[in-house]
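In this note's numbering, the protein residues as written are 1478 to 1673.
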Amino acid sequence: MAASTRIGRGTVIRGSVRGDGDVEIDGRVEGVLAVDGDLSITHSARIKAQEDVTGARVTVAGAVAGSIRGSSAIVLEDGARVVGDLSAPSIGIRPGGLLRGHVSTGDSAPPRAVARPRVADRREPAAAPRETSSRASAKAAPPTKVAPPPPPPARVPATTRAQDVAPKPRSRGAAPAPVMPALKKGQKGQLKKRNG
């Protein structure tokens, strides 16, 4: 039976941690972490892996920056924070466990980057077939067509009526401008007769 090893809180290891038995980590490990037994990463643990973190059954409750591979299972507990990919036959993420990466179950290889289809820009015309001769590289690419600018908006005729003119903003301390009411047709003559 393999022995169990514990890396205590406050311990910082920069390098490789390898072993045959079970390992429980409460401190910090920066480097390689690979064990054949069960691996337990507690709430206070911080792992910054240079390679995949490996173990038989990997239980994470702390923070891991790197991918994790488990030969039997991976469990992310409440409070776990993993930035990397998970690969194991069985994977469990409990409520409160956070993962930023891909999940791969079964005997499949870790996920690879998937090429996304290229989307052509709608403003560019379709590209002409390329020449395969050595002269093709010496030729300059044809200029792309630029869409004409949109037409200017329609102009609104200016109004001269006093009701349609917005009041000008006044400065501090200045008296407001007097507002003159608009007179209807014929009222000007009636006012002259009254005052006259």
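Glycine included, every Cβ here is placed at the ideal spot set by N, Cα and C. Quantities reported herein were computed from a predicted structural model and do not represent experimental measurements.
Other residues of its chain near residue i: CB distance less than 6 angstroms, five sequence neighbours each side excluded
i     : result
A1542 : K1525, V1560
V1512 : G1496, V1500, G1532
T1582 : I1568
V1552 : T1536, G1569
I1502 : I1484, I1518, A1522
G1492 : G1508
Cross-strand partners of residue i (DSSP beta bridge)
i     : result
R1577 : V1560
G1569 : V1552
R1483 : E1501
T1582 : A1565
Buried/exposed call for residue i, threshold 16 Cβ in 10 Å
i     : result
E1528 : exposed
L1575 : exposed
S1481 : exposed
R1505 : buried
Nearest-angstrom beta carbon gap, residue j and residue i [assumed within contact, 8 angstroms]
i     : j     : result
G1547 : A1565 : 4 angstroms
G1485 : H1520 : Rounded, the Cβ-Cβ distance is 14 angstroms, inconsistent with contact.
R1534 : E1554 : Actually they do not touch by this definition, with Cβ atoms about 13 angstroms apart.
T1536 : S1549 : Not a contact, Cβ separation roughly 11 angstroms.
A1522 : G1508 : Not really, about 14 angstroms apart at Cβ, beyond 8 angstroms.
G1675 : G1498 : Outside the modelled stretch of the chain, which goes from 1478 to 1673, sits residue 1675, for which no answer is possible.
Own chain residues within Cβ distance below 7 angstroms of residue i, not counting five before or after
i     : result
L1510 : V1494, I1524, A1526, V1530
K1558 : Reading off the sequence shown, one finds Arg at residue 1558, where the question assumed Lys. Closer than 7 angstroms at the Cβ level, and outside the excluded window around R1558, lie A1540, L1575.
G1573 : D1555, G1556
G1663 : none
Nonlocal neighbours in the same chain, by C-beta distance under 8 angstroms from residue i, ignoring five residues either side
i     : result
D1562 : S1544, I1545, G1578, H1579, V1580, S1581, P1587, P1588
I1490 : I1484, G1504, R1505, V1506, E1507, G1508
K1669 : none
Task: Start-end ranges of the beta strand (DSSP E) lying completely within the segment 1490-1556, minimum 3 residues - done: 1500-1502, 1505-1512, 1516-1518, 1523-1526, 1530-1537, 1540-1542, 1545-1553
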